[in-house]
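A short worksheet on the structure shown next.
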Amino acid sequence: VTLSIARVNAANIALEVYDQELILTCADLGTVRVGLRVEDAAGNVNFCWLDVLVEDKNAPVCIPPSPVTL
Numbered sequence: 328v329t330l331s332i333a334r335v336n337a338a339n340i341a342l343e344v345y346d347q348e349l350i351l352t353c354a355d356l357g358t359v360r361v362g363l364r365v366e367d368a369a370g371n372v373n374f375c376w377l378d379v380l381v382e383d384k385n386a387p388v389c390i391p392p393s394p395v396t397l
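The following block contains the structure:
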């Protein structure tokens, strides 16, 4: 069995090539629609689609520079 994943649009049409991994970053915050593709040894293929919620659970950090004397 081969599994692959890709981003899809609202009509479940792939926006990129199905691959073994899908990297999600902070640029993807919110809901991302993905498609999962499964193919067996006989070449039978099936798909399912789901929404993935990408959240940034890290609190923001601000480190000010050292004081400067002018």
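For the sequence shown, my numbering assigns the number 328 to the initial residue and increments by one for each residue that follows.
For glycine and all other residues, C-beta sits at the position ideal for the given N, C-alpha and C.
Inset, instruction - Flag this pair as touching only if the stretch 346-357 and the stretch 366-375 have three or more C-beta atom pairs under 8 angstroms; answer yes or no. - result: no
Legend entry - Any 3 or more C-beta pairs closer than 8 angstroms across the stretch 328-346 and the stretch 357-365: yes
Inset, instruction - Consult DSSP for Ala338 and reduce its assignment to one of helix, strand or coil. - result: For the purposes of this step, residue 338 is taken as the residue at position 11 of the sequence shown. In this structure, Ala338 counts as coil in the three-state DSSP scheme.
Inset, instruction - Check whether the Cβ atoms of Asp383 and Leu356 lie closer than 8 angstroms to each other. - result: In the sequence shown, counting from the first residue as 1, residue 383 sits at position 56. In the sequence shown, counting from the first residue as 1, residue 356 sits at position 29. Yes; because the gap between Cβ atoms is below 8 angstroms, this pair is in contact.
Inset, instruction - Mind checking who Ser331 pairs with in its DSSP beta bridge? - result: Translated into positions along the sequence shown, residue 331 becomes position 4. Bridge partners of Ser331: Arg364.
Inset, instruction - Given a cut-off of 8 angstroms, decide if Ala337 and Arg360 are closer than it, judged by their beta-carbon atoms. - result: Sequence index remark: in the sequence shown, residue 360 carries index 33 (1-based). Sequence index remark: in the sequence shown, residue 337 carries index 10 (1-based). Yes, they are a contact pair.
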